[in-house]
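*Asks:*
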Amino acid sequence: MIEALHDVQVPAGVQAQAIAHLWQWLLAICTLVFVAVMVALAIALKRAPRAGADAAPDVSSLWRSEPKVARVVWIAVGVSTLLLLVLLGASVFTDRALAQMPLADGLHIELTAYDWWWDARYDDAEPSRIFSTANELHVPVGRPVVVSLAGADVIHSFWVPSLHGKKDLIPGRPTTIAFRADRPGVYRGQCAEFCGYQHAHMAIFVVAEAPDDYERWAARQREPAPEPVTGAQRRGRDVFLGRSCAMCHAVNGTTAQARRAPDLTHVASRMTLAAGTLVNTTSQRAAWILDPQRFKPGAHMPPESFAPDELTALNAYLEILK
Amino acid sequence: MNADAYALPAGAAPPGRSERSPHEAATRGERVLDGEGWGSAAALALEHTWRDRPGLLGWLRTNDHKRIGLRFVVTAFVFFVAAGLLAAVMRAQLAFPDNPLVGPDLYNQLFTMHGTTMMFIFAVPVMQGMAVYLVPLMAGTRNTAFPRMTACAYWLYLLGALSLWIGFALNTGGDAGWFAYVPLAGPQYGIGKRTDVWNNLINLTEAMGLMVAVDLATVIFKMRAPGMSLRRMPLFLWASLVTSLMIIFAMPSVMLAANLAQFDRTFATHFFNPSEGGDVLIWQHLFWFFGHPEVYFIFIPALGFVSSIIPTFARRPMFGHDAVVLSLVATGFLAFGLWVHHMFATNLPELGKSFFTAMSYMIAIPTAVQIFCWIATLWTGRINLRTPLLYVLGFFAILVLGGLTGIMVGSVPFDLQAHDSYFVVAHLHYVLLGGAVFPLFGAFFYWFPKFTGRMMGERLGRWQFTLFFIGFNVAFFPMHILGLAGMPRRIYTYAAETGWGPLNLVATIGAVVIAVSILLFVINVVRSLAKGEAASADPWGAGTLEWATLSPPPAFNFVALPVVASREPLWAREADEPTHVRGLSAQTREGLVTTVLDARPDVRYSYPTPTIWPVVAAITVVGWLFWSAMTPSGMFYGLIPPAIAFIAWYWPTQKETAEQLLLERRP
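What follows is the structure, encoded as structure tokens:
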């Protein structure tokens with residue numbers, strides 16, 4: 001299926017890199033402490049003599065202090081505190097590094113999370129260059145990306161582990177997250193805040209590509225949907241506009257302008273359907289359209305009964321929406 | 323008279339039934355005072371005064387802290403097993419990618435029920451139940467201060483827990499997670515009555531928690547045995563005190579939140595509705611202001627267990643007793659400064675978040691102090707390596723690892739990656755199972771002889787420990803790696819190409835091993851109850867007061883209230899010091915109130931007698947809450963039955979008044 005990276009320990013961008021670096025510090029120091037405590041415990045168990053429940057307890061410590069043992073305990077506490085300070089410093093400096101990523105010339109995307117898909121609006125100073133897509137972001141390698149986050153219904157969370165940590169999309173509390181992809185590739189993300197029925201099927205893909213490739217992709221996304229050429233494609237468009245599809249979906253260049261569901265203007269250019277639930281092939285698309293509840297129970301797309309030739313025509317039309 | 327007659331009766335038979343009613347004697351003007359040895363007339367009178375009436379009515383009316391405490395523990399354990407079975411279903415579902423076993427609707431209920439049951443119906447009640455049983459015994463008194471309230475708390479808890487589970491059986495189990503974030507749990511997205519049932523449970527368990535906490539804190543402050551100054555107070559009492567005070571500060575926050583949410587749902591208020599000026603983040607603040615301390619009200623009693631078990635099995639008093647006390651108190655305070663570390667991924671100000679990182683690191687210091695003191699105690703002691711100590715050793719390994727991953731997720735930048743991923747699932751199970759359930763099993767083994775008069779099977783206990791330890795690590799360690807590999811929490815399925823399959827299968831195998839170990843525990847309990855070795859009063863050679871009375875203790879706990887002269891009263895006693903107090907009435911339920919700091923005898927106290935009204939009150943309160951969840955008018959009319967029940971509860975009876983007047987006479 002889709003080969004995509006999603007690993008905290010394999011960062012592909014400067015932000016995830018900073019956090020992975022912090023993780024290595026945390027792992028090293030915490031492993032050291034764990035081993036030290038376990039060794040101390042093992043030595044204690046090994047050196048202390050054994051006794052039964054009837055052995056008279058040694059109560060001398062109730063009246064007499066034990067300065068030698070106390071010294072060791074204090075040293076251990078002191079060392080622990082110092083190590084905590086080191087980690088606190090590492091954490092604060094990582095936080096600063098994350099905040100200091102330069103944002104000049106940043107690409108601005110407005111991401112809105114719905115139950116259970118992602119709506120992405122690529123912003124531009126010139127209104128005619130703004131375009132929308134869903135569940136799949138393309139970003140240029142090496143250029144900062146600022147994503148505005150908004151929750152439309154319940155709380156969701158945007159998390160692409162190879163690029164950055166997560167940020168919640170909270171209704172009524174818009175926020176932003178900034179990241180930069182430094183290596184080309186496909187990075188998988190998934191909603192990380194429990195959001196109801198289909199929390200499990202709410203993936204988002206970030207495709208990082210060379211700036212030229214990105215510009216080509218963006219230019220194509222700005223185009224309205226291609227006109228159908230063959231008879232089947234024309235019939236398919238009529239099916240799309242005449243049946244329930246157009247109630248929720250938009251296809252630019254047609255009268256379908258609803259925004260309740262993913263923008264389908266260039267749906268055929270996307271890798272997956274239904275936020276990563278299915279691979280975007282002709283047969284999967286047909287199966288999805290006929291019975292979305294089979295793959296994503298609870299999703300808001302209703303099942304629709306199409307005659308076989310209607311479905312074939314619809315699929316032929318969707319196929320050209322590249 | 324031999325001092326041991328009060329403290330450690332060698333082979334003493336439990337006092338039998340009195341031939342003549344002490345109340346008859348009292349009405350004839352004879353006074354029977356306590357302070358005689360076991361088997362004396364005073365002991366018989368005490369037995370008559372304190373025992374419950376036989377039969378169902380007596381069972382329902384009881385306010386004996388030992389019976390109530392054990393009820394809490396047994397009920398909580400039943401729900402622990404039930405919630406564990408839900409976890410097993412979830413593990414079965416996640417064992418393979420795209421597994422069709424469980425759908426999203428059921429899965430969301432499963433993890434909500436699992437989390438809610440483990441946190442609210444198992445962990446807090448079991449810790450409070452152990453404390454209700456142990457605190458009066460360890461403090462050397464005859465009952466808790468407000469036993470009717472604690473009895474009522476039990477019934478509220480039982481009925482609340484049953485209602486949640488009956489709801490689940492009727493496909494109305496909560497499905498918004500144990501944290502029930504709005505708006506998912508709000509009126510618009512939390513459809514049906516699932517969240518209403520859940521909110522009711524929160525109200526009931528939190529009321530239970532508060533009632534028990536007030537009772538325990540009162541016992542610890544005011545009813546300690548004479549001589550048990552704060553400096554001599556056992557560490558478990560300190561742990562219970564800190565926990566109780568934390569509960570009193572934290573629980574109102576979540577009750578407030580649950581009620582605001584219920585107002586949104588029932589009366590269409592807009593506390594959490596952003597489009598009408600509400601704020602969804604307020605729920606998170608209120609919830610976690612309780613929710614983070616809650617982790618510590620599960621963990622701190624467990625620290626108390628560990629600090630009770632280690633000295634007994636290292637055959638020496640705790641090293642650094644005062645440092646451990648200060649650590650417990652410090653943990654209690656610091657626990658209230660951590661709640662935002664559950665909210666690092668929200669859009670709160672970054673500088674504020676750093677404060678919570680620092681606090682999260684700071685709370686590691688008191689825990690480190692305790693760990694080093696325990697190791698020092700073992701290091702300088704002589705070790706009796708029995709099952710309770712084994713569990714404590716397992717606790718060390720797992721808790722230290724869980725604490726260290728806690729340091730990791732306490733860091734804001736790293737938490738942005740780990741938050742709501744399986745890394746956190748691993749972390750929280752390491753701290754909660756390792757930090758609380760391992761010591762709890764140790765505590766069961768340790769106090770089982772006191773509870774039942776029989777020892778638990780040692781061989782089965784070792785097997786159970788070994789399987790639990792291995793199964794736990796096999797189940798939960800791989801989840802750290804899964805989280806780093808990007809697996810989010812609370813997903814009911816995942817695709818094969820995510821690569822999360824193999825480690826999930828390993829985790830599921832670990833869960834099976836845990837299930838086997840829990841089964842061994844149940845078998846061990848049943849077998850030991852039937853034919854376990856009979857336990858003496860103090861089978862482990864321990865030093866605290868609960869071991870000074872019979873196993874199991876009689877209804878009145880002590881035939882004479884003990885006097886304490888050191889931190890380990892059974893280990894270190896000066897020959898010329900008094901061993902007990904005498905002169906309290908054996909014909910009525912009388913106890914001694916002592917001063918807070920030095921535990922000097924202050925006034926005599928009449929314990930409440932058993933009554934049916936706490937049960938009735940609990941039933942009516944539960945009825946009111948459910949009525950109000952179903953229709954707004956129930957909020958008002960439903961209050962009438964509880965009002966009647968509470969008035970009846972406090973209505974004085976002529977018999978009680980007459981007894982009080984009798985006691986007013988000079989001895």
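One line per chain: the protein sequences are A and B, in this order.
All the letters of the first sequence, read from the start, carry residue numbers 1 to 322 under our numbering.
All the letters of the second sequence, read from the start, carry residue numbers 323 to 989 under our numbering.
Ideal Cβ positions, reconstructed from N, Cα and C, are used throughout, including at glycine.
What residue range does the alpha helix (DSSP H) around residue 926/B cover?
*Replies:* Element bounds for residue 926/B: not the alpha helix (DSSP H) but the beta strand (DSSP E), 923-928.
*Asks:* Listing by chain order, which chain B residues have their CB less than 8 Å from the CB of residue 197/A?
*Replies:* Result: 426, 427 and 430.
*Asks:* Name the DSSP bridge partner or partners of residue 484/B?
*Replies:* According to DSSP, which records beta bridges pairwise, residue 484/B is partnered with nothing at all.
*Asks:* DSSP three-state call for residue 772/B: helix, strand or coil?
*Replies:* Note: residue 772/B maps to helix in three-state DSSP.
*Asks:* Give a yes or no on whether the minimum CB-CB distance between residue 322/A and chain B is below 8 Å.
*Replies:* So, not an interface residue.
*Asks:* Taking only runs that begin and end inside the region 75-119 of chain A, name each unbroken beta strand (DSSP E) of 3 or more residues, in chain order.
*Replies:* Entirely contained in the region 75-119 of chain A, the beta strand (DSSP E) runs reaching 3 residues are, in chain order, 107-114.
*Asks:* Just how far apart, CA to CA, sit residue 16/A and residue 166/A?
*Replies:* Taking the straight line from one Cα to the other gives about 10 Å.
*Asks:* Going by DSSP, what residue range makes up the alpha helix (DSSP H) through residue 233/A?
*Replies:* 231-242 is the extent of the alpha helix (DSSP H) around residue 233/A.
*Asks:* Suppose contacts are defined by Cβ-Cβ distances below 8 Å. Is residue 272/A in contact with residue 2/A by that definition?
*Replies:* Yes, these two residues count as a Cβ contact at 8 Å.
*Asks:* With residue 981/B as the anchor, note down where its alpha helix (DSSP H) starts and where it stops.
*Replies:* Where residue 981/B is concerned, the enclosing alpha helix (DSSP H) stretches over 976-985.
*Asks:* For the alpha helix (DSSP H) that residue 211/A lies in, which residues bound it at each end?
*Replies:* That run of the alpha helix (DSSP H) goes 211-222.
*Asks:* Going by DSSP, name the residue or residues bridged to residue 190/A.
*Replies:* Looking at the DSSP assignment, residue 190/A forms a beta bridge with 203/A.
*Asks:* Taking only beta-carbon atoms, is residue 34/A less than 8 Å away from chain B?
*Replies:* Answer yes: the Cβ-Cβ gap between residue 34/A and chain B drops below 8 Å somewhere.
*Asks:* Does chain B have any CB closer than 8 Å to the CB of residue 218/A?
*Replies:* No, residue 218/A does not count as interfacial toward chain B.
*Asks:* Whose C-beta lies closer than 8 Å to the C-beta of residue 379/B among residues of the same chain, with five residues either side of it excluded?
*Replies:* Closer than 8 Å at the Cβ level, and outside the excluded window around residue 379/B, lie 934.
*Asks:* Grab me the residues of residue 296/A's own chain with a C-beta within less than 7 Å of its C-beta, minus the 5 sequence neighbours each way, in chain order.
*Replies:* Closer than 7 Å at the Cβ level, and outside the excluded window around residue 296/A, lie 198, 201, 274 and 277.
*Asks:* Within the 8 Å Cβ cut-off, does residue 440/B reach chain C?
*Replies:* Absent from the structure is chain C; the protein chains it does hold are A and B.
*Asks:* Would you check if the region 484-491 of chain B and the region 906-924 of chain B touch, i.e. whether three or more CB-CB distances between them fall below 8 Å?
*Replies:* No, the region 906-924 of chain B does not touch the region 484-491 of chain B.
*Asks:* For residue 248/A, would you say it is in contact with chain B, using Cβ-to-Cβ distances shorter than 8 Å as the test?
*Replies:* So, not an interface residue.
*Asks:* Locate the alpha helix (DSSP H) running through residue 565/B, then write down its first and last residues.
*Replies:* Segment 557-589, the alpha helix (DSSP H) holding residue 565/B.
*Asks:* Using only the alpha-carbon positions, how far apart do residue 639/B and residue 852/B sit?
*Replies:* Taking the straight line joining both Cα atoms gives about 34 Å.
*Asks:* Alpha carbon to alpha carbon, how far is residue 462/B from residue 923/B?
*Replies:* About 13 Å.
*Asks:* Got a sec? Which residues, its chain only, sit under 6 Å from residue 288/B by beta carbon, not counting five neighbours each side?
*Replies:* What the structure shows of chain B is the stretch from 323 to 989, and residue 288/B is not part of that stretch, so it cannot be assessed.
*Asks:* Taking the straight line between their C-alpha atoms, what separation do you get for residue 445/B and residue 242/A?
*Replies:* Roughly 57 Å separates the two Cα atoms.
*Asks:* Could you list which residues in chain B have their beta carbon closer than 8 Å to that of residue 86/A, in chain order?
*Replies:* Neighbours of residue 86/A on chain B: none; closest Cβ ~10 Å, over 8 Å.
*Asks:* Under 8 Å Cβ-Cβ, which residues of chain B neighbour residue 318/A?
*Replies:* Per Cβ cutoff of 8 Å: no residues; residue 318/A is ~23 Å from chain B at best.
*Asks:* I think residue 846/B touches residue 783/B, with their Cβ atoms under 8 Å apart; what is that distance to the nearest whole Å?
*Replies:* Contact holds; Cβ gap of about 6 Å.
*Asks:* DSSP three-state label for residue 340/B, please.
*Replies:* Low local confidence applies: a pLDDT of 41 at residue 340/B is under 50, so the model's placement there is unreliable, and no value is given.
*Asks:* Applying a beta-carbon distance threshold of less than 9 Å, which residues of chain A neighbour residue 976/B?
*Replies:* Those within 9 Å of residue 976/B in chain A number zero; the least Cβ separation is about 50 Å.
*Asks:* Can you tell me which of the three DSSP states residue 370/B falls into?
*Replies:* Note: residue 370/B maps to helix in three-state DSSP.
*Asks:* Can you name the residues of chain B whose CB is closer than 7 Å to the CB of residue 23/A?
*Replies:* Those within 7 Å of residue 23/A in chain B are 736.
*Asks:* Identify the residues that DSSP records as bridge partners of residue 878/B: which are they?
*Replies:* DSSP output for residue 878/B lists no bridge partner at all.
*Asks:* Considering only residues of the same chain and omitting the five flanking positions on each side of residue 315/A, which have a CB-CB separation below 8 Å?
*Replies:* The answer, listed in chain order, is 236, 282, 285, 286 and 289.
*Asks:* Comparing alpha-carbon positions, which option in 412/B, 437/B, 436/B and 435/B lies nearest residue 425/B?
*Replies:* Nearest C-alpha to residue 425/B: 412/B.
*Asks:* Note down the Cα distance separating residue 697/B from residue 526/B, rounded to an integer number of angstroms.
*Replies:* Approximately 40 Å, taken between the alpha carbons.
*Asks:* Could you give the C-beta distance for residue 855/B and residue 777/B, rounded to a whole number, given that I count them as a contact under 8 Å?
*Replies:* With 8 Å as the limit, residue 855/B and residue 777/B qualify as a contact, their Cβ atoms being about 4 Å apart.
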